[in-house]
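Enquirer:
Number of protein chains: 2
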Amino acid sequence: MFYIGIDVGGTTVKGAVIDESGGMIAEDSVPTVMGDVAQSIATLTRGLIAKCGGAQIAGIGIGCAGMIDSREGKVVFAGNLDLKDYPLSERVTRETGLPVKITNDANAAALGEAKFGAGKHFKDSILVTLGTGVGGGIVIDGKLYEGFKSAGAEIGHMVIERGGDLCTCGRRGCFEAYSSATALIRRTKWAMEEDAGSKMWTSCTSDTVSGKTAFGFMDSDYSAKQVVDWYIDRLACGLVNLANIFRPQVIMLGGGVSNEGERLLVPLRQKFEKQLFGGTGHAPVALKIASLGNRAGVYGAAALFLED
Amino acid sequence: MFYIGIDVGGTTVKGAVIDESGGMIAEDSVPTVMGDVAQSIATLTRGLIAKCGGAQIAGIGIGCAGMIDSREGKVVFAGNLDLKDYPLSERVTRETGLPVKITNDANAAALGEAKFGAGKHFKDSILVTLGTGVGGGIVIDGKLYEGFKSAGAEIGHMVIERGGDLCTCGRRGCFEAYSSATALIRRTKWAMEEDAGSKMWTSCTSDTVSGKTAFGFMDSDYSAKQVVDWYIDRLACGLVNLANIFRPQVIMLGGGVSNEGERLLVPLRQKFEKQLFGGTGHAPVALKIASLGNRAGVYGAAALFLED
Chain V
186 MFYIGIDVGG
196 TTVKGAVIDE
206 SGGMIAEDSV
216 PTVMGDVAQS
226 IATLTRGLIA
236 KCGGAQIAGI
246 GIGCAGMIDS
256 REGKVVFAGN
266 LDLKDYPLSE
276 RVTRETGLPV
286 KITNDANAAA
296 LGEAKFGAGK
306 HFKDSILVTL
316 GTGVGGGIVI
326 DGKLYEGFKS
336 AGAEIGHMVI
346 ERGGDLCTCG
356 RRGCFEAYSS
366 ATALIRRTKW
376 AMEEDAGSKM
386 WTSCTSDTVS
396 GKTAFGFMDS
406 DYSAKQVVDW
416 YIDRLACGLV
426 NLANIFRPQV
436 IMLGGGVSNE
446 GERLLVPLRQ
456 KFEKQLFGGT
466 GHAPVALKIA
476 SLGNRAGVYG
486 AAALFLED
Chain H
186 MFYIGIDVGG
196 TTVKGAVIDE
206 SGGMIAEDSV
216 PTVMGDVAQS
226 IATLTRGLIA
236 KCGGAQIAGI
246 GIGCAGMIDS
256 REGKVVFAGN
266 LDLKDYPLSE
276 RVTRETGLPV
286 KITNDANAAA
296 LGEAKFGAGK
306 HFKDSILVTL
316 GTGVGGGIVI
326 DGKLYEGFKS
336 AGAEIGHMVI
346 ERGGDLCTCG
356 RRGCFEAYSS
366 ATALIRRTKW
376 AMEEDAGSKM
386 WTSCTSDTVS
396 GKTAFGFMDS
406 DYSAKQVVDW
416 YIDRLACGLV
426 NLANIFRPQV
436 IMLGGGVSNE
446 GERLLVPLRQ
456 KFEKQLFGGT
466 GHAPVALKIA
476 SLGNRAGVYG
486 AAALFLED
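Chains as they are written, first to last, in this note's numbering: chain V, 186 to 493; chain H, 186 to 493.
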């Protein structure tokens, strides 16, 4: 059986044909049509079906940016797609004649990693993406956990430092305000300004600094190492919170910062395991880097038809 | 069909016969036998069956203090019951001939409130108990969520103030370190010492101060009002975190502090709703006081046989 997985972003709609065991048969993308993404998806679907010789498709799964009500099949609100109360499932079914399931893009990525990526050997997993914000999704017993009207799994908006840095959500001290790539870059710039002798200061300008800067200089520059320590302390704090609440078998890290791999993971794991409630003896929690990169979304969207 | 629900605590084992719709047919308790609670449970079960004229019992559900592995039917560790790697389910089945299901006491209370108490009209609910610690349980789609090897749902051990007050778990700044009755009492004592003119200071001694003291004087004493505001700020912070992560339809408050009822709930709800991610329009989260008191555990233990 074949499924189409679609990942709707602000500029591009990506799609793939995927089989039950996670084999990717075909892949394509089209530009996002603002205000009517069903059009983009229908075009993409026709192209994908043609690409794989008219294969029989059992359904289309869609991971879409914005606030999604998966039960109603509706985009409640997606500012960067110019959509409000948009009946996405119904529109795509009308255009394609195929059954449609939807979720938000972060949840789709989490399900993709859970089914076909770093979490495939575990029943309960959490994906935490360290990018512009901190997003992610929760998979319990092979199924996405979305909460009432799909409004849950906002794991970035958990306060870890009451009264701390201002978050985009309006609260202070959210996990996202410390563990996003944005926060890492902000801290790196701050450290560069504090220490004009830093190698970061002599090698970068405020325009070229990125989430990689501090990690890149951590072995040879004290200020860079301090930024990395600062970042990992806070990331560990948020991840231990999630582990104590959910006790999943694995937490996977995705997004830009996760590209640091072992440089991130080794010190993080040490801090994480030290703080885990009840220790690691009875119920250990694995920490891994997500493995599907920016294809996690299309894999997970297709996997909406494969939830246990 | 009838079920027996058992609540095992450090001094007393409570039990009740409960029908499918939550009717309590009989109730009793016996002292806890250290090191072998199966004995206490067997005695209690015989008494309960006799009390209701030999009714046909379909199973025994047990909520037990300590670290429980519900899948294995085992008490992994329970210091105050003198148990370690104790095969509770097997022992009770051997003594009674009945099928047994177990969980920890906090989870049992959460399931009790979800099925027969303040959460009975909702599918997804969280119980947060404000007592010696902050405990509770998570019910998703009518079923307890316990995490890997039942080690999850440690909602009290979520850091909300990094580097803050020391928690019994070894971390600093846990929800429990601010929102337990213990923390409220500690803060009340601190406020009394800071303000010797406070009505709390003239009416209580360090021995008679309780979780009720600050709430009792809040309308007539500035320091008492400040303690209550301090407490509610932190409680709201932790509850919003849980709501953003799970987005349940209801969060129920139990434990000693919840006896303050509306005096707690009205200002708490205001702070909670103001901070909730995405506001209350699309997916509101109700805040309620739990309704079953210290019977929640026996109700929920019986309900282990009634999970959807």
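Each residue gets a CB set at the ideal place from its N, CA and C atoms; glycine is no exception.
Find the nearest neighbour of Glu-212 (chain H) within the set H:Thr-393, H:Ala-291, H:Gly-200 and H:Cys-422, judged by alpha-carbon distance.
Expert: Among H:Thr-393, H:Ala-291, H:Gly-200 and H:Cys-422, the Cα nearest to that of Glu-212 (chain H) is on H:Gly-200.
Enquirer: Comparing alpha-carbon positions, which option in V:Tyr-416, V:Ser-408 and V:Ala-338 lies nearest Ala-294 (chain V)?
Expert: Of the candidates V:Tyr-416, V:Ser-408 and V:Ala-338, the one whose C-alpha sits nearest the C-alpha of Ala-294 (chain V) is V:Ala-338.
Enquirer: Hey, how far is the Cα of Lys-238 (chain V) from the Cα of Gly-478 (chain V)?
Expert: The residue you asked about is not Lys; residue 238 (chain V) is Gly in the sequence shown. The alpha-carbon atoms of Gly-238 (chain V) and Gly-478 (chain V) are separated by roughly 27 Å.
Enquirer: I want to verify the contact list: residues of chain H whose CB lies under 7 Å from the CB of Gln-520 (chain V), in sequence order.
Expert: The first residue shown for chain V is 186 and the last is 493, placing residue 520 (chain V) beyond what the model contains.
Enquirer: Just the Cα atoms here: how many angstroms apart are Tyr-484 (chain H) and Ile-226 (chain H)?
Expert: Using only the alpha carbons, I get a separation of about 16 Å.
Enquirer: Is the Cβ-Cβ distance between Val-344 (chain V) and Ile-345 (chain H) less than 8 Å?
Expert: Cβ atoms of Val-344 (chain V) and Ile-345 (chain H): closer than 8 Å.
Enquirer: What alpha helix (DSSP H) runs, 4 residues minimum, are completely inside the region 337–402 of chain V?
Expert: Entirely contained in the region 337–402 of chain V, the alpha helix (DSSP H) runs reaching 4 residues are, in chain order, 361–364, 366–379, 384–388 and 398–402.
Enquirer: Determine the direct distance from the alpha carbon of Ser-383 (chain V) to that of Gly-322 (chain H), and round the result to whole angstroms.
Expert: Those two C-alpha atoms are separated by around 48 Å.
Enquirer: Using a Cβ-Cβ cut-off of less than 9 Å, list which residues of the region 226–253 of chain V approach chain H; keep chain order.
Expert: The region 226–253 of chain V vs chain H, Cβ under 9 Å: Met-252.
Enquirer: Would you mind telling me which residues of chain V sit closer than 8 Å to Asp-270 (chain H), beta carbon to beta carbon, in chain order?
Expert: In chain order: nothing, as chain V lies at least about 10 Å away.
Enquirer: By the 7 Å beta-carbon criterion, what residues does the region 345–377 of chain H contribute toward chain V?
Expert: Listed in sequence order: Ile-345, Glu-346, Arg-347, Cys-354 and Arg-356.
Enquirer: What is the residue span of the beta strand (DSSP E) that Pro-452 (chain V) lies within?
Expert: Per DSSP, Pro-452 (chain V) belongs to no beta strand (DSSP E); it is in the alpha helix (DSSP H), 447–460.
Enquirer: My output table needs one value for Thr-228 (chain V): the three-state DSSP class, helix, strand or coil.
Expert: If DSSP states are grouped into helix, strand and coil, Thr-228 (chain V) belongs with the helices.
Enquirer: Along chain V, in chain order, which residues have C-beta atoms closer than 9 Å to that of Gln-411 (chain H)?
Expert: Result: empty, since nearest Cβ-Cβ is about 16 Å, beyond 9 Å.
Enquirer: Distance cutoff 8 Å, beta carbons only. Does Gln-460 (chain V) sit that close to anything in chain H?
Expert: At least one chain H Cβ lies under 8 Å of Gln-460 (chain V).
Enquirer: Report the residue ranges of all alpha helix (DSSP H) runs contained in full by the region 262–335 of chain V; include only those spanning at least 4 residues, in chain order.
Expert: Here the runs fully enclosed are 273–281 and 290–301.
Enquirer: Under a three-way DSSP split, which group does Leu-427 (chain V) fall into?
Expert: DSSP places Leu-427 (chain V) in helix when its eight states are reduced to three.
Enquirer: Could you tell me if Trp-375 (chain V) is buried or exposed, where buried requires 16 or more neighbouring beta carbons within 10 angstroms of its beta carbon?
Expert: So Trp-375 (chain V) counts as exposed.
Enquirer: Considering only residues of the same chain and omitting the five flanking positions on each side of Gly-220 (chain H), which have a CB-CB separation below 6 Å?
Expert: Answer for Gly-220 (chain H): Asp-267, listed in chain order.
Enquirer: Alpha carbons only, please: which of H:Pro-452, H:Ser-335 and H:Gly-208 is nearest the one belonging to Gly-302 (chain H)?
Expert: Minimum Cα distance to Gly-302 (chain H) is reached at H:Gly-208.
Enquirer: Alpha carbon to alpha carbon, how far is Lys-269 (chain H) from Ile-203 (chain H)? Give it in angstroms, no decimals.
Expert: One C-alpha to the other measures close to 29 Å.
Enquirer: Judging by CA-CA distance, which residue of H:Leu-449, H:Glu-298 and H:Gly-464 is the nearest neighbour of Leu-312 (chain H)?
Expert: Nearest C-alpha to Leu-312 (chain H): H:Glu-298.
Enquirer: Can the beta-carbon of Ala-428 (chain V) be found closer than 8 Å to that of Ile-417 (chain V)?
Expert: Contact: no.
Enquirer: Please check the pair Ile-191 (chain H) and Ile-245 (chain H), which I expect to be a contact at CB under 8 Å, by giving their CB distance rounded to whole angstroms.
Expert: Indeed they touch by this definition, with Cβ atoms about 6 Å apart.
Enquirer: Within 8 Å, do at least three Cβ pairs link the region 364–373 of chain V to the region 398–416 of chain V?
Expert: Yes, since at least three Cβ pairs between the region 398–416 of chain V and the region 364–373 of chain V fall closer than 8 Å, the two stretches touch.
Enquirer: Tell me where the beta strand (DSSP E) around Gly-482 (chain V) begins and ends.
Expert: Run containing Gly-482 (chain V): none in the beta strand (DSSP E); it sits in the alpha helix (DSSP H), 481–488.
Enquirer: Can you pull the chain H residues whose beta carbon is under 8 Å from the beta carbon of Met-343 (chain V), in chain order?
Expert: Within chain H, the residues near Met-343 (chain V) are Met-343, Asn-426, Asn-429 and Ile-430.
Enquirer: Would you decide whether Val-193 (chain V) is buried or exposed? Buried here means 16 or more other CB atoms lie within 10 Å of its CB.
Expert: Classification of Val-193 (chain V): buried, given that the 10 Å Cβ count is 16 or more.
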